[in-house]
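The block underneath contains the structure these notes are about, expressed in structure tokens.
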Amino acid sequence: MSYLEFVEQLKSIEIPVEYYKEAGLNSEFIEEMIQRYNPPLKTCPMSFQYGDDEVIKLLKTYDAGKIEIGMVQFAPELAEVQNGIYIGKFEADELIIDKFSGEILCYEYGIDHLLWPCASNGSMFLRALAEVARFLEKRAQDDALYNNDELGYEVAKYCCKLAGGSKYCDFYTTMLT
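16 is the number of the first residue of the sequence shown in the numbering used here; add one for each residue after it.
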């Protein structure tokens, strides 16, 4: 999936504003929810010379630091790190594009310990995350979905296929179950 398709997919996710208001959520929080799926273009696109990955294009072009999907939050800026390029975080842990393979990896915060491989490349990571976002938004509105770990596991299995195969299942299972 291209970074442009990813942004369009996010923008197509319906945020149930009235449902959230009825649930007692304040308008500031609801606006934050809307912004998570509607990143603005950067006023001054970033010049970053490393790679042609779709996630790199996303972070160069959009204020992707506003995108939050479950426990994944993209970085406001790209940064070179020891293992590759820092692109965001999974809770406190670091999401990196491996500089040799292009694979998206999750390293434990502050140390060089691989927690999970996340996707075989940025395009596949964006495709899987778009699916995660759709599911999590539906789940937030439906108690039966929220409490259905078996369905969460099935969606996680589907997302790991989108990400490149079974090697990535632990990451999506952690997110969705």
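Yeah, the Cβ is synthetic: ideal placement off N, Cα and C, and Gly gets one too.
The beta carbon of H128 sits closer than 7 angstroms to those of Y122, all from its chain and outside the five residues before and after it, given in chain order. Comparing alpha-carbon positions, the option among K26, F105, Q97 lying closest to A90 turns out to be F105. C-alpha of N98 to C-alpha of I112: approximately 8 angstroms in a straight line. Measuring C-alpha to C-alpha distances from I30 to each of G179, R154, Y187 identifies R154 as the nearest. By a beta-carbon distance limit of 8 angstroms, T188 contacts Y168. Their separation comes to about 6 angstroms. Under DSSP, D67 shares a beta bridge with no residue.
Contact check between the segment 32-51 and the segment 70-85: three or more CB pairs, one atom from each, fall below 8 angstroms, which counts as touching. In its chain, beyond the 5 residues on either side, Y52, A148, R149, E152 have a beta carbon closer than 8 angstroms to the beta carbon of I28. Nearest Cα to D157 within the set V96, A38, K57: A38. Contact between S135 and G66 fails: their C-beta atoms lie close to 14 angstroms from each other, not under 8 angstroms.
If you check the CB distance, L74 and I45 do not come in under 8 angstroms.
When C-alpha distances from E146 are compared across Y35, L120, C175, L130, the shortest belongs to C175.
Within the same chain, I112, G117, N136, G137 come within 7 angstroms of D68 by CB-CB distance, once the 5 residues on both sides are set aside.
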